[in-house]
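Enquirer: Oh and the sequence shown: position 51 is 50 in numbering that gives the first Met the number 0, straight run, nothing missing.
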Amino acid sequence: MPDVKPCRAFELDALRGLALLLMVLHHLIFDLRHVFGLPVFAFKDTDWFAYLLQPLFLNVFLVVSGICCTFSRSNTRRGLRLLLVALTLSAVSILASELSGQEFYIYFNVLHLLALGILLYAGLT
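1. Cα separation between Phe40 and Thr124?
2. Quick check for students: name the residue ranges of the alpha helix (DSSP H) that lie wholly in the region 33-74, counting only runs of 4 or more.
3. I need the straight-line Cα distance from Tyr120 to Asp44, nearest angstrom please.
4. Kindly list the residues whose CB is nearer than 6 Å to the CB of Ser71, restricted to its own chain and excluding five residues on each side of it in sequence; keep chain order.
5. For Ala18, count neighbouring C-beta atoms within 10 Å of its own C-beta (all shown protein chains included) and say buried if the count is 16 or more, exposed if not.
6. For Tyr104, which three-state DSSP category applies?
7. By Cβ distance below 7 Å, which residues in the same chain neighbour Leu110 in space, the five residues on each side in sequence not counted?
8. Taking Cβ positions, are Phe56 and Leu11 nearer each other than 7 Å?
9. Output the distance between the C-alpha atoms of Val91 and Leu79, rounded to the nearest integer angstrom.
10. Going by C-alpha to C-alpha distance, which of Ile93, Thr69 and His33 sits closest to Tyr104?
11. To which residues of the same chain is His25 closer than 8 Å at the C-beta, ignoring the five residues directly before and after it?
12. Just mark Ala49 as buried or exposed, buried being the case when its beta carbon has 16 or more other beta carbons within 10 Å.
13. If you draw a straight line from the alpha carbon of Leu37 to that of Leu31, how long is it in whole angstroms?
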């Protein structure tokens with residue numbers, strides 16, 4: 000008997016991919032400019048980027064991730080896995096900060112927010 004694959008929501012996959020690409024680009028630009036001190040991507044420090052594009056990237060990512068919760072078979076498992084990744088990132092950032100003498104701790108970020116949101120959704124459904 001042939002396996003029947005579930006129907007994918009192409010639009011959600013495309014939006015999620017776009018949001019992921021924009022997030023990776025944003026972090027690359029930030030690192031090149033502020034961590035490595037390269038005089039590139041000056042638009043990163045402009046108001047239109049900080050108050051328009053950056054929140055747009057974040058909101059698309061969060062909304063699409065929230066919509067995808069309705070399609071997930073195990074939001075609890077997905078949320079716990081993401082929380083583990085987020086906590087690992089926090090631990091690595093704290094360790095790296097202590098070793099380098101610089102402060103770039105990550106106590107709570109988008110991954111923590113998504114993990115807790117997914118777990119909250121799983122608990123309510």
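No residue lacks a Cβ here, since even glycine has one placed at the ideal position from N, Cα and C.
For clarity, every value in this text was computed on a predicted model and none was experimentally measured.
Expert: In this structure, then:
1. Stepping through the sequence shown from its first residue, residue 40 is reached at position 41. Stepping through the sequence shown from its first residue, residue 124 is reached at position 125. Rounded to the nearest angstrom, the two C-alpha atoms are 44 Å apart.
2. Within the region 33-74, complete alpha helix (DSSP H) segments of at least 4 residues are found at 53-68, given in chain order.
3. As a first step, residue 120 is located in the sequence shown; it is residue number 121 there, counting from the start. As a first step, residue 44 is located in the sequence shown; it is residue number 45 there, counting from the start. Approximately 35 Å between the Cα atoms of the pair.
4. The residue labelled residue 71 in the question sits at position 72 within the sequence shown. Non-local beta-carbon contacts of Ser71 in its own chain, meaning distances under 6 Å to residues more than five positions away in sequence, involve Arg77 in chain order.
5. The residue labelled residue 18 in the question sits at position 19 within the sequence shown. That one is buried.
6. Position 105 of the sequence shown, counting from 1, holds the residue named residue 104. Looking at Tyr104 - three-state DSSP - the assignment turns out to be coil, as it is neither helix nor strand.
7. On the sequence shown, residue 110 is found 111 positions in, with the first residue counted as 1. Contacts found: Leu81, Val84, Ala85 and Leu88.
8. On the sequence shown, residue 56 is found 57 positions in, with the first residue counted as 1. On the sequence shown, residue 11 is found 12 positions in, with the first residue counted as 1. Going by C-beta atoms, Phe56 is not nearer than 7 Å to Leu11.
9. Residue mapping note: residue 91 aligns to position 92 of the sequence shown, counting from 1. Residue mapping note: residue 79 aligns to position 80 of the sequence shown, counting from 1. A direct Cα-Cα distance of roughly 18 Å separates Val91 from Leu79.
10. Taking the first residue of the sequence shown as 1, we reach residue 104 at position 105. When only C-alpha atoms are compared, the closest one is Ile93.
11. The sequence position of residue 25 within the sequence shown is 26, counting from 1. Within the same chain, His25 has close Cβ partners Gln53 and Phe56.
12. The residue labelled residue 49 in the question sits at position 50 within the sequence shown. With fewer than 16 Cβ atoms within 10 Å of its Cβ, Ala49 is classed as exposed.
13. Stepping through the sequence shown from its first residue, residue 37 is reached at position 38. Stepping through the sequence shown from its first residue, residue 31 is reached at position 32. Straight-line Cα distance between these residues: approximately 6 Å.
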